[in-house]
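Here's the structure, in structure tokens; my notes come after.
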Amino acid sequence: MKLPIKWKMRGAARRRGDAGQAIVEFALVVPLMLAILTGIAMFSIAIYSKISLQSAANQGVQTLVMSQVLSSGNPCTAATTTIQTTTSLNSSLMTIAFYNGTPSTGTAISSVGSTCVKIASGTALSVQLKYPCSIAIYNFARSCKLVATQTESVP
384 MKLPIKWKMR GAARRRGDAG QAIVEFALVV PLMLAILTGI AMFSIAIYSK
434 ISLQSAANQG VQTLVMSQVL SSGNPCTAAT TTIQTTTSLN SSLMTIAFYN
484 GTPSTGTAIS SVGSTCVKIA SGTALSVQLK YPCSIAIYNF ARSCKLVATQ
534 TESVP
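Count the sequence shown with the numbering used here and you get residues 384 to 538, in order.
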């Protein structure tokens, strides 16, 4: 059975008119998808930095406590060296603080580069690390500060 010519034309005309629709949809969806993917990547980098910072704080407080127990040199210098070598983050941007007790209730025992005071057994020691971060998605940028704190008791 042969189809009438006008039916053939109607289908061809419809197909020709739909050809540009896919390009328009693609042009509308791609920027949105790229923004979402970029946001996921930037957020993942921030999460990685937070995990790395927390790991460095954990290693630093362990070194600080063990150096206090073993009385081997300056515990704050040993802890600072451990923190800076443990993390893959830029250590020149990192702020390191040591506390007798927790950072919210304790007193600072040393700043980086100075000598730590000897802490009595049973006292809690804390290391607090701060690191700047920024999340930028195209023209939208937000700065933030990652904070990692770890506390352990001197045996």
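Idealized CB from N, CA, C, for every residue including glycine.
_Quick check: THR534 and LEU508, are their CB atoms within less than 8 Å of each other?_
yes
*asked:* Can you check which of these residues, ILE419, MET477 and VAL500, is closest to VAL530 by C-alpha distance?
replied: MET477
_According to DSSP, TYR514 sits in a beta bridge with which residue or residues?_
LEU529
*Keeping to the same chain, check which residues put their C-beta closer than 7 Å to that of ILE520; ignore five residues upstream and five downstream.*
The beta carbon of ILE520 sits closer than 7 Å to the beta carbons of ALA418, THR421, GLY422 and MET425 from its chain, once the five residues preceding and following it are set aside; these are given in chain order.
*asked:* Rounded to the nearest angstrom, what separates THR446 and PHE523 at their Cα positions?
replied: 40 Å
*asked:* Given a cut-off of 8 Å on the beta-carbon distance, is the pair VAL510 and ALA440 in contact?
replied: yes
*Evaluate CYS527 with the Cβ neighbour count: other Cβ atoms within 10 Å of its Cβ, from every protein chain shown; 16 or more gives buried, anything less gives exposed.*
exposed
*asked:* Here's the rule I'm using: 16 or more other beta-carbon atoms within 10 Å means buried, otherwise exposed. How should TYR514 be labelled?
replied: buried
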